[in-house]
Ligand SMILES: [Zn+2]
């Protein structure tokens with residue numbers, strides 16, 4: 001019964017516009033948003049004069065709540081965009097030379113994306129690092145060691161990495177994520 | 001009370017700065033978990049100590065037997081630091097020896113957590129010195145940290161701000177012991193997953209083993225919080241009939257004991273019959289007779305053998321009589337069918 005309910009929920013989510021604007025449902029647009037935006041800005045600058053205010057409006061970053069983000073990770077749009085891979089799988093960093101430096105401090109300054117190649121968490125504004133968002137957090141935990149993956153492996157910026165570590169700790173505290181528990185041996189004689 | 005105890009914990013913080021800092025800053029407001037959360041679950045008969053019965057040889061034998069041993073389940077993958085695998089060439093005998101040692105290690109991991117009554121609160125006032133009232137704005141904790149003293153016997157006393165010198169209560173004892181003699185896996189402030197509002201959610205996700213394992217590490221077995229958490233988990237399992245999750249873990253014995261102690265074994269028996277574990281079923285009924293020697297079942301149990309014993313229980317003390325009877329019948333029918341086929 002619960003499975004059926006879930007199915008119908010997911011189906012209904014796919015039918016109705018889930019997110020605030022229909023445009024956001026197109027994954028290709030979302031990930032390459034920063035390119036298209038800059039292109040559009042160029043085009044706009046050529047023609048119109050009243051545009052700047054509108055551009056500012058559009059540049060404002062969409063802020064998700066955790067419930068929407070959890071729904072998004074189950075949605076069709078997410079599946080189309082990332083498939084079954086973790087969100088950082090296809091991300092590549094830009095750097096000079098052979099050795100990658102530490103990841104950047106932050107991708108978002110003054111509520112705007114301030115870089116050409118934002119990190120895998122910052123580039124998709126529907127991903128929210130939250131202790132209840134288990135599916136996202138699980139992508140940043142090594143299945144073998146149970147530790148949080150290094151930002152050098154995932155390419156996540158320092159700000160999001162700190163947030164990830166904190167939220168994973170919190171998720172384990174609340175029981176959303178399982179942690180390895182050491183074995184406790186009892187000495188029965190202590191309790192006689 | 002809350003404010004002064006928080007100050008107490010800050011005093012402690014000075015002594016073990018690094019270990020505590022992270023946790024205290026993380027959830028400052030939860031520094032104090034009062035013991036008033038107390039025991040809400042009934043422990044059956046309060047006049048009898050279940051631990052005395054629990055640790056007796058016959059009960060331990062039965063509980064161990066019905067737990068079963070599935071080496072693969074016991075030594076399941078535990079996430080830890082990565083190690084290189086080692087490869088060995090072994091003869092037939094050596095393989096058997098290795099398997100035997102693996103089985104022993106697994107058996108050791110099945111040691112059952114004690115099933116106990118909640119501990120009695122400590123109210124021991126050693127001396128009252130009104131002269132000292134207002135000597136400081138925080139309490140002072142004095143701890144005997146000499147080598148070789150166990151956590152249970154360690155002397156810990158508290159000087160309150162009103163000048164009374166008293167023995168530390170259990171909550172303070174637990175925290176101070178964790179400061180001076182930390183156990184791995186235990187955290188200074190109990191994880192929020194043990195709070196009532198989160199407990200239900202975690203259990204609904206079927207994380208029974210995780211919940212129980214973590215409770216074992218975090219609490220002493222006679223801590224009221226441990227008793228609350230484990231009993232709620234057992235109730236949840238009984239309600240949803242997920243007994244098989246705990247089979248071949250260290251918690252199956254205490255769960256069976258809890259259910260038997262509180263006369264709730266009907267669903268467990270039905271589950272066992274469905275899985276074809278009639279021997280276990282008879283053992284549980286035997287356990288019931290040991291724990292409730294004055295019950296109707298125990299009185300009618302003389303010279304009954306095997307499946308008759310289960311039937312006796314079904315007629316006398318079962319609450320879900322109809323369901324249990326049906327499953328016993330189905331089991332017998334299937335037995336008959338098998339004997340016909342072989343004949
Ligand atoms: Zn970023």
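Residue numbers (the working numbering), protein chains in the order written: chain A, 1 to 192; chain B, 1 to 343.
We put the beta carbon where it would ideally sit given N, CA and C, even for glycine.
In the structure shown, residue 138 of chain B adopts coil according to DSSP, grouped into three states.
Within the DSSP secondary-structure output, residue 156 of chain B pairs in a beta bridge with B:143. For residue 108 of chain A against residue 122 of chain A, the beta-carbon gap comes to about 6 Å, under 8 Å, which counts as contact. A distance of 8 Å or more separates the beta carbons of residue 252 of chain B and residue 81 of chain B.
Against chain B, a Cβ distance below 7 Å from residue 183 of chain A picks out 109.
Residue pairing from DSSP places residue 165 of chain B in a beta bridge opposite B:127 and B:159. Close to residue 188 of chain A, with beta-carbon spacing below 8 Å, are these residues of chain B in chain order: 55 and 114. For residue 97 of chain A, no Cβ of chain B is located within less than 8 Å of the residue's own Cβ.
Near chain B, meaning a CB-to-CB distance below 7 Å, the residues of the segment 156-186 of chain A are 173, 174, 175, 178, 180, 181, 182, 183, 184, 185 and 186.
Around the C-beta of residue 321 of chain B, fewer than 16 other C-beta atoms lie within 10 Å, and the residue is accordingly described as exposed.
A Cβ-Cβ contact shorter than 8 Å links residue 268 of chain B with residue 243 of chain B. Listed as beta-bridge partners of residue 109 of chain A by DSSP are A:112. The beta-bridge partner set that DSSP reports for residue 328 of chain B is empty. Taking the Cα positions, residue 101 of chain A is about 44 Å away from residue 216 of chain B. Not one heavy atom of ligand 1 falls within 7 Å of the beta-carbon of residue 176 of chain B. When DSSP reads this structure, residue 148 of chain A sits in a beta bridge with A:141. Set against 7 Å, the gap from the CB of residue 106 of chain A to the closest heavy atom of ligand 1 is smaller. When DSSP states are grouped into helix, strand and coil, residue 184 of chain A belongs to the coil group.
With a cut-off of 7 Å, the C-beta of residue 122 of chain A is classified as near ligand 1, since at least one heavy atom of the ligand falls inside that distance.
Residue 126 of chain A carries a coil assignment under DSSP once its states are collapsed to helix, strand and coil. For residue 66 of chain A, no CB of chain B lies under 8 Å from its own CB, so it is not counted at the interface with that chain. Between the alpha carbons of residue 241 of chain B and residue 234 of chain B lies a gap of roughly 10 Å. The residue from B:335, B:238 and B:308 with its alpha-carbon nearest to that of residue 258 of chain B is B:238.
None of the residues of the segment 126-141 of chain A has a beta carbon lying less than 7 Å from any beta carbon of chain B.
Nearest C-alpha to residue 122 of chain B among B:94, B:172, B:184 and B:303: B:172. Taking all protein chains in view, the Cβ of residue 153 of chain A is surrounded by fewer than 16 other Cβ atoms within 10 Å, so the residue is classified as exposed.
The beta carbon of residue 193 of chain B falls within 8 Å of a beta carbon belonging to chain A, placing the residue at that interface.
Residue contact check for residue 216 of chain B against chain A: a CB pair falls below 8 Å. Between the alpha carbons of residue 303 of chain B and residue 120 of chain B lies a gap of roughly 42 Å. In this structure, DSSP gives residue 150 of chain B a state outside helix and strand, which the three-state scheme calls coil. Distance between residue 170 of chain A and residue 125 of chain A, taken at the CA atoms: about 22 Å.
By the Cβ neighbour-count rule, residue 103 of chain A is buried, with 16 or more other Cβ atoms within 10 Å of its own.
Of all alpha-carbon atoms in A:84, A:188 and A:134, the one lying nearest the alpha-carbon of residue 167 of chain A is that of A:134. Within chain A, the residues 190 have their CB atoms less than 8 Å from the CB of residue 150 of chain B, given in chain order.
Residue 275 of chain B sits in coil when the DSSP states are folded into three classes, being neither helix nor strand. Contact between residue 290 of chain B and residue 59 of chain B is confirmed by a C-beta separation of about 6 Å, below the 8 Å threshold.
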